[in-house]
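Notes to accompany the following structure.
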Amino acid sequence: MMKTQPVQKNETIEVEIIDLTHEGLGVGKVDGYPLFIENSLPGEKVKILVLKAGTKFGYGKVLERLTDSPDRVMLTDESLLRTGIAPLQHMTYEAQLLFKQKQVEKVLEKISKMPDVPVLPTVGMVNPVGYRNKAQIPVRKVAGQIETGFYRKNSHDLIPIKDFHIQDPAIDQAIVVIRDILARFNVKIYDEKGHVGNLRHIIIRRGHYSHQMMVVLVTRTGKIFKHEQITEEILKELPEVVSIIQNINPDKTNVILGKESKLLYGKDHIEDQLLGKTYQISAPSFYQVNTEQTEFMYQTAMDFAGLSKDDIIIDAYCGIGTIGLSMADRVNHVYGVEIVKEAIDDAKINAFNNSIENVTFKTGSAEKVMKKWKESSIDPTVLVVDPPRKGLTEPFIETAIEMQPERIIYISCNPATLARDLKLFASNYEVKKVQPIDLFPQTHHVESVTLLQRK
Ligand code: SAH
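Under my numbering, think of the first position of the sequence shown as 2, with each following residue one higher.
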């Protein structure tokens, strides 16, 4: 028999918010039944409309806020919440930082059963807006007009947005400039429903220090409009642009980039600096989106690693080599592994351009290459891992433990997989401390650096 929920869809009720989910939604309970409610904070009493009432939980929308939390700041732009661009924008920055520290503590306690690990206060930004050095913006026709913006949460309806709040304002401006150029040339815009039209996304990367800009136009077909004139106009209006690329994505998919790319203008990469070293970054390569906080994060990783001239470092999931190359001057040798070939090509050039010779970069999956390194008796003293959201794999962790590095630095962008993986290290490594660092202000994303010491 189906259990009936204490609330029904379309019902209006009053509820008190008692908690926040990891995504920053307020949690209110009716007879123990949880309702997740956007734009509500613990302690607040709200009148809501029940949007959805599933068997185990439901969703509600605030109709009226009856009390305000002291952690609330007034919203400057509702669409940043509705699109999920800045889901914590209604919280004071102090409250955001505390929320992230608690989030890490919570998962370490729940998933890894490590209630005693010191989780340090989250290190935030002085000015926690306008930090993103990269934007991937869908382009659609809305009411006959070419618009750039972002999708409404859980949908593909585009909400036009000009001020993205968390992006480098020069990128926001460039998007509008390019949008207007495309409109002037009457470029066919992609229509998702019919899978027709051409231009799908504008991607922009801008070096935080260098101000070099890369523009990627993602199209459905290989045909590209009057690209010579368009390129000329872009260069005229955006003198920072050093690279224009067309990427072709013919598929009906949510994945933004396709496999094929054509260089329309300039170089196939931009350059930027981190901790005084210069890096080239190609379009398919990963690059941390918050440059200022990344420098702090790498510095933290180096401090935790306690580097010395005898150290052999493995930088797993190394991207364009930035962590290992930041460490190289202070150690004996660095080995880096990364699955994206273009990123390893960048890493090798980055080593050369910075006159660093004590590094070896390999393309491949981290778990396979680690195994090979183990078989060829490479003996790391420090292992740095910086995996994507899904975290490490069990075979990787097994090999890592067999290699017996003195210290492991685990850089994580997902506390849940971090906690899961720390459990697997637990019989051989002690978790000394975790430093959350706010790489993504105004969003619910939590980055952290963890120091593990061999027992
Ligand atoms: N440490 C780098 C990159 C971190 S992002 C920096 O700070 O910039 C994670 C990287 O892991 C990405 O570059 C991604 O391409 C790579 N990656 C994903 N899966 C991988 C795997 N199985 N093996 C090796 N690298 C992988």
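No residue lacks a Cβ here, since even glycine has one placed at the ideal position from N, Cα and C.
- What do you get for ASP347, buried or exposed, if any count of 16 or more other CB atoms within 10 angstroms of its CB means buried? Taking the sequence shown and counting its residues from 1, the one referred to as residue 347 is at position 346. Under this definition ASP347 is a buried residue.
- Tell me whether ASP312 is buried or exposed, calling it buried when 16 or more other Cβ atoms sit within 10 Å of its Cβ. Here the question's residue 312 lines up with position 311 in the sequence shown. With 16 or more Cβ atoms within 10 Å of its Cβ, ASP312 is classed as buried.
- Straight-line CA distance for GLU296 to GLY33? Start at 1 with the first residue of the sequence shown, and residue 296 comes out as number 295. Start at 1 with the first residue of the sequence shown, and residue 33 comes out as number 32. Going by the C-alpha atoms only, they are around 44 Å apart.
- Message: Quick check on THR444: does DSSP put it in helix, strand or coil?
- Response: Against the sequence shown, residue 444 aligns to sequence position 443. Note: THR444 maps to coil in three-state DSSP.
- Item | For TYR191, the first and last residue of its enclosing beta strand (DSSP E) | Locating residue 191 in the sequence shown gives position 190, where the first residue counts as 1. Boundaries cannot be given for TYR191, as no beta strand (DSSP E) includes it and DSSP labels it neither H nor E.
- Which runs of the beta strand (DSSP E) spanning at least 3 residues fall entirely within the stretch 239–267, listed in chain order? Correct list: 242–249, 261–267.
- Message: In this structure, how does DSSP classify GLN97 when only helix, strand and coil are distinguished?
- Response: As a working note, residue 97 is residue 96 in the sequence shown. Note: GLN97 maps to helix in three-state DSSP.
- Task: Would you decide whether LYS101 is buried or exposed? Buried here means 16 or more other CB atoms lie within 10 Å of its CB.
- Result: Position 100 of the sequence shown, counted from the first residue, corresponds to residue 101. Around the CB of LYS101, 16 or more other CB atoms lie within 10 Å, so the residue is classed as buried.
- Straight-line Cα distance separating LEU453 from ILE409: On the sequence shown, position 408 is the one that residue 409 refers to. On the sequence shown, position 452 is the one that residue 453 refers to. Distance between the alpha carbons of ILE409 and LEU453: 5 Å.
- Message: Measuring only the C-alpha atoms, how far is LEU258 from VAL450?
- Response: Working through the sequence shown from its first residue, we reach residue 258 at position 257. Working through the sequence shown from its first residue, we reach residue 450 at position 449. Distance between the alpha carbons of LEU258 and VAL450: 29 Å.
- Item | Residues bridged to LYS53 [DSSP beta-bridge criterion] | By 1-based counting over the sequence shown, the position of residue 53 is 52. The partner list for LYS53 (beta bridge, DSSP) reads TYR60.
- Item | Distance between GLY307 and ASP380 (C-alpha atoms, nearest Å) | Within the sequence shown, residue 380 is the residue found at index 379, counting from 1. Within the sequence shown, residue 307 is the residue found at index 306, counting from 1. If you take the alpha carbons of ASP380 and GLY307, they lie about 17 Å apart.
- Task: Report buried or exposed for GLN443, applying the criterion of at least 16 other Cβ atoms within 10 angstroms of its Cβ.
- Result: For the purposes of this step, residue 443 is taken as residue 442 along the sequence shown, with counting starting at 1. With at least 16 other beta carbons inside 10 angstroms of its own, GLN443 counts as buried.
- Item | Straight-line gap, MET2 to ILE402 (C-alpha atoms, nearest Å) | The residue you call residue 2 lines up with position 1 of the sequence shown. The residue you call residue 402 lines up with position 401 of the sequence shown. Legend: pLDDT at MET2 = 48, less than 50; position of this residue unreliable, value from coordinates given subsequently. Near 49 Å, if we compare the C-alpha coordinates of ILE402 and MET2.
- Could you spell out the range, first to last residue, of the alpha helix (DSSP H) harbouring ARG206? Taking the sequence shown and counting its residues from 1, the one referred to as residue 206 is at position 205. Looking at the DSSP string, ARG206 is not in any alpha helix (DSSP H); the run it does join, the beta strand (DSSP E), is 200–207.
- Residue range of the unbroken beta strand (DSSP E) whose run includes PHE37: Residue numbering aside, residue 37 sits at position 36 when the sequence shown is read from its first letter. Going by DSSP, PHE37 is part of the beta strand (DSSP E) stretching over 34–38.
- Query: Looking at the structure shown, is SER113 part of a helix, part of a strand, or coil, going by DSSP?
  - Reply: In the sequence shown, counting from the first residue as 1, residue 113 sits at position 112. SER113 falls in the coil class under three-state DSSP.
- Query: How would you label GLN146, buried or exposed, when you count the other beta carbons within 10 angstroms and need 16 or more for buried?
  - Reply: What you label residue 146 is simply residue 145 of the sequence shown in a count that begins at 1. GLN146 comes out exposed.
- Have a look at GLY266 and ASN355 and give me their C-alpha separation to the nearest angstrom. Start at 1 with the first residue of the sequence shown, and residue 266 comes out as number 265. Start at 1 with the first residue of the sequence shown, and residue 355 comes out as number 354. One detail in the question is off: residue 266 reads as Tyr in this sequence, not Gly. Distance from the CA of TYR266 to the CA of ASN355, rounded to the nearest whole angstrom, comes to 26 Å.
- Message: Could you pull the DSSP bridge partners for MET75 from this structure?
- Response: Indexing the sequence shown from 1 puts residue 75 at position 74. Bridge partners of MET75: none, in fact.
- For the alpha helix (DSSP H) that contains MET215, what are its first and last residues? Residue mapping note: residue 215 aligns to position 214 of the sequence shown, counting from 1. No alpha helix (DSSP H) holds MET215; the beta strand (DSSP E) holding it covers 214–220.
- Residue range of the alpha helix (DSSP H) that TYR299 falls in? Taking the sequence shown and counting its residues from 1, one reaches residue 299 at position 298. Segment 292–306, the alpha helix (DSSP H) holding TYR299.
- Task: Taking only the alpha-carbon atoms, compute the straight-line gap between LYS57 and VAL8 and give it to the nearest angstrom.
- Result: By 1-based counting over the sequence shown, the position of residue 57 is 56. By 1-based counting over the sequence shown, the position of residue 8 is 7. Here the alpha carbon of LYS57 sits roughly 11 Å from the alpha carbon of VAL8.
- Message: I'd like to know if the stretch 314–325 and the stretch 422–432 are in contact, where contact means that at least 3 CB-CB pairs between them fall below 8 Å.
- Response: Of all C-beta pairs linking the stretch 314–325 to the stretch 422–432, fewer than three are shorter than 8 Å, placing the two stretches out of contact.
- From this set, ARG201, PRO170, ARG185, which residue's C-alpha is nearest GLY208's C-alpha? In the sequence shown, counting from the first residue as 1, residue 208 sits at position 207. Selected option, being the one with the closest Cα: PRO170.
- Item | Proximal residues to PRO388 (C-beta, below 7 Å), its chain only, five neighbours per side dropped | For the purposes of this step, residue 388 is taken as residue 387 along the sequence shown, with counting starting at 1. Only TYR318 meet the Cβ criterion.
- Would you identify the three-state DSSP class for ALA284, choosing helix, strand or coil? One-based indexing of the sequence shown puts residue 284 at position 283. Coil, per DSSP.
- Query: Is GLU395 buried or exposed, if buried means 16 or more other CB atoms sit within 10 Å of its CB?
  - Reply: Translated into positions along the sequence shown, residue 395 becomes position 394. When all chains shown are included, GLU395 counts as exposed.
- Message: If we require 3 or more residues per run, which beta strand (DSSP E) segments fall completely within the stretch 302–389?
- Response: Within the stretch 302–389, the runs of beta strand (DSSP E) that reach at least 3 residues and sit entirely inside it are, in chain order, 313–317, 334–339, 360–364, 383–386.
- Query: Could you give the C-beta distance for ARG201 and ASN250, rounded to a whole number, given that I count them as a contact under 8 Å?
  - Reply: Along the sequence shown, one-based indexing puts residue 201 at 200. Along the sequence shown, one-based indexing puts residue 250 at 249. Cβ atoms of ARG201 and ASN250 come within 8 Å of each other, at about 6 Å.
- Can you name, in chain order, every residue of its own chain whose Cβ lies under 8 Å from the Cβ of GLU65, other than the five neighbours on each side? The count along the sequence shown starts at 1 and reaches residue 65 at position 64. So the qualifying residues of the chain are VAL47, LYS48.
- Message: Between which residues of its own chain and ASP173 is the CB-CB distance below 7 Å, once the five residues before and five after are set aside?
- Response: Taking the sequence shown and counting its residues from 1, the one referred to as residue 173 is at position 172. So the qualifying residues of the chain are LYS163, ASP164, PHE165.
- Query: Helix, strand or coil: which one does DSSP assign to ALA87?
  - Reply: Taking the first residue of the sequence shown as position 1, residue 87 is located at position 86. Coil at ALA87, not helix or strand.
- Query: Just curious, the alpha helix (DSSP H) that GLU399 is in, first and last residue?
  - Reply: On the sequence shown, position 398 is the one that residue 399 refers to. Counting along the chain, the alpha helix (DSSP H) containing GLU399 begins and ends at 395–404.
- How is ASP273 classed by DSSP in three states: helix, strand or coil? One-based indexing of the sequence shown puts residue 273 at position 272. ASP273 falls in the strand class under three-state DSSP.
- Item | THR123 in three-state terms, based on DSSP | Here residue 123 refers to the residue found at position 122 when the sequence shown is read from its first residue. Coil at THR123, not helix or strand.
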